[in-house]
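There are 2 protein chains.
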Amino acid sequence: MTGLDHPAEPDRPLGRPRATTHDELEAIGMDLFGRRGYENVSVQQIAEAAGVSRRTFFRYFPTKSDLPWGDFAQEVDRLRSTLALVPDQQPLMAALRRAVVEFNRVPAEAVEQHRARLGLILSEPELIARSLLKFQLWREVIAEFAGRRLGMPGSSFLPELIGEIALSAAVAAYREWIPHPSADLPTLIDTAFEAMTDLEGLEHGSAATLAQRIALPDGRSP
Amino acid sequence: MTGLDHPAEPDRPLGRPRATTHDELEAIGMDLFGRRGYENVSVQQIAEAAGVSRRTFFRYFPTKSDLPWGDFAQEVDRLRSTLALVPDQQPLMAALRRAVVEFNRVPAEAVEQHRARLGLILSEPELIARSLLKFQLWREVIAEFAGRRLGMPGSSFLPELIGEIALSAAVAAYREWIPHPSADLPTLIDTAFEAMTDLEGLEHGSAATLAQRIALPDGRSP
DNA sequence: ACCATAAATGACACCCGGTGCCAATGCAAT
DNA sequence: ATTGCATTGGCACCGGGTGTCATTTATGGT
Chain A
1 MTGLDHPAEP
11 DRPLGRPRAT
21 THDELEAIGM
31 DLFGRRGYEN
41 VSVQQIAEAA
51 GVSRRTFFRY
61 FPTKSDLPWG
71 DFAQEVDRLR
81 STLALVPDQQ
91 PLMAALRRAV
101 VEFNRVPAEA
111 VEQHRARLGL
121 ILSEPELIAR
131 SLLKFQLWRE
141 VIAEFAGRRL
151 GMPGSSFLPE
161 LIGEIALSAA
171 VAAYREWIPH
181 PSADLPTLID
191 TAFEAMTDLE
201 GLEHGSAATL
211 AQRIALPDGR
221 SP
Chain B
223 MTGLDHPAEP
233 DRPLGRPRAT
243 THDELEAIGM
253 DLFGRRGYEN
263 VSVQQIAEAA
273 GVSRRTFFRY
283 FPTKSDLPWG
293 DFAQEVDRLR
303 STLALVPDQQ
313 PLMAALRRAV
323 VEFNRVPAEA
333 VEQHRARLGL
343 ILSEPELIAR
353 SLLKFQLWRE
363 VIAEFAGRRL
373 GMPGSSFLPE
383 LIGEIALSAA
393 VAAYREWIPH
403 PSADLPTLID
413 TAFEAMTDLE
423 GLEHGSAATL
433 AQRIALPDGR
443 SP
């Protein structure tokens, strides 16, 4: 007995090696969706293209509609950590605004991929449907934060409402972004939050100036 | 030749009479869902209980998950008509608030049924998913109204954002209502809109007073 | 009475997403 | 070689949803 008898698996844990990966299936699937449309691609076809059985596909993804979401739970964790680090003196909505804006800033080389995902998710009915389930996690994180700040459970009315509203801002920005690729997503989200803070004052005039702001490509004011 | 030769079908248009109705299937289905849970009831079983074939069920409802929604398109039309009658001098958000509050006022005898629907829709994952598709119509109506008011297409950023936000308020209220049957739904919605108008000022103190307001059963202030 | 017409139903075959089950596979440690 | 183990593949099965076609049940005209 050496004391260090089992060498704590270097890279290969044990058993039969995997025939594919989460990422590979995702890449193949997204490619096929882009080419032929979501509904016209069956799980069978994705599996075949990956050289794997249909049954195996479902061991990597719970459903077909989970494919475009990547590891969304992990993304949500990122949001949670960001919010955990917000200093207490920062006002609630300002903090949320900053956090959500930053959460949606993706590295330049990943922008196209991100747009493809969002475009699919927001256009295909089955994926639109699925999105509400996915965003539920997201909302809970926001509500949890708001609850801490307001001194009440994250599940109570106001925190939940704030979660809904923050998600609204983000989704409205996503929808605007898809047909306007030249726009800057974080800026769109920031604008959405800004508009929300002055809903009462919204009439012909003020709306026009705001609308003009977001029309600037890239969003950096001159 | 009488000039009035074909008598414009009194009640029976022609052909084989229907074996069931939209409403009957809905009633039977909702009953079964309530008894055994949504997932544990197959379309087959609903059809059998209605004395009709499975194929026929799908001639009355496009999908199983449409069943709890009744004739939602018609409800949305009601909202549209309400908004069309709003006087122009009424501020945008105030008008929306009133319209959405009134839209959600149901006659006392229908409250329980309405609660059952909403409870199902907000708790069963498949129905949660479906809800986004359904509410899309709802949002479009709001966005269309906002667009008219702001002098821009209903499909532009701000109107869409306003649609999202109004829906958020309503949904947050629905979710609060389900576990608190004694609350008054229109009042909850009104409160949600009110809270949204002062998001910036939301901190410990103000939130507590608001939270207290909605805790009053029935919502009529003393 | 008889026949055309028309609308709705029912039966059947089929596709796809998703799941439970179990035997086969491929690698590592002994 | 043998054992242990995770993963895979195959298969049967369920439920939702659709396309197709013959059948049913009425009405209206002759």
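Respectively, the protein sequence lines represent chains A and B. Heads up, the first sequence is in our numbering, so the first residue is 1 and it goes up one at a time. Heads up, the second sequence is in our numbering, so the first residue is 223 and it goes up one at a time. Ideal placement from N, C-alpha and C gives every residue a C-beta, glycine not left out. Note that the structure is predicted; figures quoted are calculated from it, not measured.
Check                                                                                                                                                                                            : Outcome
Look at the Cβ atom of Thr82(A), then the Cβ atom of Glu112(A), and state whether they are nearer than 8 Å.                                                                                      : no
Starting from the C-beta of Glu75(A), find all residues in its chain whose C-beta is less than 7 Å away, skip the five residues before and the five after it, and write them out in chain order. : none
If contacts are defined as beta-carbon pairs under 8 Å, then Leu167(A) and Arg139(A) qualify, I think. What distance do you get, rounded to the angstrom?                                        : 5 Å
Counting only Cβ pairs nearer than 8 Å, list the residues of chain A close to Thr419(B).                                                                                                         : Leu199, Glu200
By the 10 Å Cβ neighbour count, where 16 or more other Cβ atoms means buried, how is Arg300(B) classified, buried or exposed?                                                                    : exposed
Roughly how far, in whole angstroms, is the beta-carbon of Phe279(B) from the beta-carbon of Leu247(B), given that I think they are within contact range, below 8 Å?                             : 6 Å
Just to check, is the beta-carbon of Leu199(A) closer than 7 Å to a non-hydrogen atom of the ligand FAD?                                                                                         : Questions concerning the ligand FAD fall outside what the structure shown contains, since it holds no ligand whatsoever.
To the nearest angstrom, report how far apart Gly237(B) and Arg277(B) are at their CA atoms.                                                                                                     : 19 Å
Below 8 Å between beta carbons: does that hold for Ala395(B) and Leu380(B)?                                                                                                                      : no
Which bits of chain A does Ile387(B) rub up against, with CB to CB less than 7 Å?                                                                                                                : Ile165, Ser168, Met196
Could you tell me whether any Cβ in chain B is nearer than 8 Å to the Cβ of Phe33(A)?                                                                                                            : no
Taking a Cβ distance cut-off of 8 Å, strictly less, list which residues of the segment 64-79 of chain A are near chain B, in chain order.                                                        : none
Could you tell me whether any Cβ in chain A is nearer than 8 Å to the Cβ of Ile350(B)?                                                                                                           : yes
Put Leu150(A) into one of helix, strand or coil per three-state DSSP.                                                                                                                            : helix
Under a CB-based cut-off of 8 Å, is Leu133(A) close to chain B?                                                                                                                                  : yes
CA-CA distance, Ser53(A) and Leu132(A)?                                                                                                                                                          : 29 Å
What is the residue span of the alpha helix (DSSP H) that Arg97(A) lies within?                                                                                                                  : 92-103
Taking just the CA atoms, how far does Ala365(B) sit from Gly29(A)?                                                                                                                              : 34 Å
Answer yes or no: do Ile278(A) and Leu96(A) have a C-beta to C-beta separation smaller than 8 Å?                                                                                                 : The question about residue 278(A) has no answer, for chain A in this structure spans 1 to 222.
Mind pulling the beta strand (DSSP E) runs of 3 or more residues that sit fully within the segment 155-186 of chain A?                                                                           : none
Using a Cβ-Cβ cutoff of 8 Å, what residues of the segment 148-160 of chain A are near chain B? List them in chain order.                                                                         : Arg149, Leu150, Gly151, Met152, Ser156, Phe157, Leu158, Glu160
For the alpha helix (DSSP H) containing Ser53(A), list its first residue and its last residue.                                                                                                   : Ser53(A) -> no alpha helix (DSSP H), and no H or E assigned at all.
Does Phe367(B) come out as helix, strand or coil in the three-state DSSP assignment?                                                                                                             : helix
Answer yes or no: do Arg130(A) and Ser42(A) have a C-beta to C-beta separation smaller than 8 Å?                                                                                                 : no
Run through DSSP, which three-state label would Pro13(A) get?                                                                                                                                    : coil
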